[in-house]
Amino acid sequence: GEATLAKDYLAALDWRAVLNAGLDQIWRRYDAILTPATPTPAPEGFASTGPAIFNGLWTFCGTPAVTLPLLEAGNGMPIGVQLVGRRGDDARLLRTARWLTTRLAAQAEG
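959 is the number that the working numbering gives to position 89 of the sequence shown; each next residue is one higher, with no gaps.
Structure (structure tokens):
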């Protein structure tokens, strides 16, 4: 923050408005966007949660996001899948996450 010029900050706010206008078009048709949570499986241990590079866009846009450990790497560590929802509609995103995990669990059982 200290090294950011005011003009750069204002330009970023303009860019955020453009991104959110595009996302608003998506939210007219879909409840959530499904993305990878990270470029790698979760690391072993507690020293790190892994790279957060895929989260920055959603934080910048102010959209809620939830990561679900839906896949598993060869070493048994989880691979996170991220669901992103409409700004201010956290409850819908959580309902969508519950729906997805319930459906996948039902498929896994049989």
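We put the CB at the ideal spot given by N, CA and C, even for glycine.
Quick check on the DSSP output: the alpha helix (DSSP H) that includes residue i runs from which residue to which?
{"i": "G892", "result": "876–897"}
{"i": "A978", "result": "960–979"}
Comparing C-alpha positions only, which one of the options sits nearest to residue i?
{"i": "Q977", "options": "S918, L940, P906", "result": "L940"}
{"i": "I923", "options": "G915, A907, V936, T933", "result": "A907"}
{"i": "G892", "options": "T874, T933, N925, M947", "result": "T933"}
{"i": "E942", "options": "G920, P911, G958", "result": "P911"}
{"i": "L970", "options": "G980, V951, D960, R956", "result": "V951"}
{"i": "T905", "options": "D959, V936, A961", "result": "V936"}
{"i": "F930", "options": "E872, L974, V888, A975", "result": "V888"}
{"i": "L963", "options": "P921, L875, A975, I903", "result": "I903"}
{"i": "M947", "options": "T919, A882, A873", "result": "T919"}
{"i": "W885", "options": "D960, L927, A967", "result": "L927"}
Assign residue i to one of three DSSP states: helix, strand, or coil.
{"i": "A935", "result": "strand"}
{"i": "E872", "result": "coil"}
{"i": "T910", "result": "coil"}
{"i": "T919", "result": "coil"}
What is the residue span of the beta strand (DSSP E) that residue i lies within?
{"i": "T905", "result": "903–906"}
Does the Cβ of residue i have 16 or more other Cβ atoms within 10 Å, making it buried, or fewer, making it exposed?
{"i": "A917", "result": "exposed"}
{"i": "R898", "result": "exposed"}
{"i": "R973", "result": "exposed"}
{"i": "R956", "result": "buried"}
{"i": "L953", "result": "buried"}
{"i": "A975", "result": "exposed"}
Which partner residues of residue i appear in the DSSP bridge assignment?
{"i": "E989", "result": "It is not possible to answer for residue 989, since the shown part of the chain is limited to 871 through 980."}
{"i": "L953", "result": "L904, V936"}
Is any beta-carbon of chain C found at less than 8 Å from that of residue i?
{"i": "C931", "result": "Within the model displayed, chain C is absent; a lone protein chain is all it includes."}
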